[in-house]
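The opening residue of the sequence shown carries number 1 in full-length UniProt numbering; numbering runs sequentially from there.
Quick reminder that beta carbons are idealized off the backbone N, C-alpha and C, glycines included.
Note that this is a predicted model, so its numbers are computed, not measured.
Notes to accompany the following structure.
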Amino acid sequence: MKLEYEILINQYGQDIIDTDRLVSLFDNLCDNDKRIFINGLVTLIIQSRPETGDIEPAVLCSRLKPTYTPCVLLKKGVESSNLYKIAELPNNELRKVIILLLSVFKIAYRRRYEQERDNPDKWWYWDLSDGKKINLLNSMIK
């Protein structure tokens with residue numbers, strides 16, 4: 001996953017940007033890049049250590065119908081193998097997948113963010129509303 005996408009996802013976790021911005025970005029990717037984006041998001045979710053108790057709030061937050069395939073699969077657990085099963089759903093499910101996984105990420109990320117906020121060794125927990133920090137991260141891309 002591109003660092004610029006990781007920055008945006010972590011900004012989403014900090015309520016700096018909204019779901020619509022990420023979904024719009026996702027919608028404009030080719031199918032292969034959508035898969036790369038989703039797999040990168042799953043990795044970020046795993047690093048945020050989701051808990052079973054995050055499942056119901058994530059489904060509610062996503063505003064998806066609980067009967068949609070990604071939601072049904074998520075109810076089986078937040079273990080990495082299950083998250084990757086969700087990521088492997090067919091292309092016609094990917095928009096639902098990204099919306100649901102973003103909700104899972106945000107819930108798990110917020111919990112870790114409160115514990116790790118401004119850890120100098122973990123940029124993803126820095127205050128990403130600070131333009132200087134974003135400039136520093138962007139300079140790492142080049």
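- With the rule of 3 Cβ pairs closer than 8 Å, the stretch 34 to 49 counts as touching the stretch 87 to 103.
- Straight across, the Cα-Cα distance linking K106 with N119 is about 18 Å.
- Between the C-alpha atoms of E4 and N135 there is a straight-line separation of about 11 Å.
- Within the same chain, and ignoring the five residues on either side of K2 in sequence, no residue has its Cβ closer than 7 Å to its Cβ.
- Measuring C-alpha to C-alpha distances from D31 to each of L102, A108, R49, L94 identifies L94 as the nearest.
- Contact annotation: L74 and K85 have beta-carbon atoms that are not nearer than 7 Å.
- For S62, the enclosing alpha helix (DSSP H) covers residues 55 to 62.
- Ranked by Cα distance from P90, the first of R35, I7, N28 is R35.
- When only Cα atoms are considered, D18 and C61 end up about 12 Å apart.
- In the DSSP assignment, D20 falls within the unbroken alpha helix (DSSP H) covering 19 to 27.
- Rounded to the nearest whole angstrom, the C-alpha separation of E116 and Y125 is 6 Å.
- Within 10 angstroms of the beta-carbon of G77 lie fewer than 16 other beta-carbons, which makes it exposed.
- Separation of the CB atoms of P50 and A108 is rounded to 4 Å, and the pair is thereby assigned contact status at 8 Å.
- In its chain, beyond the 5 residues on either side, L73, K76 have a beta carbon closer than 7 Å to the beta carbon of N82.
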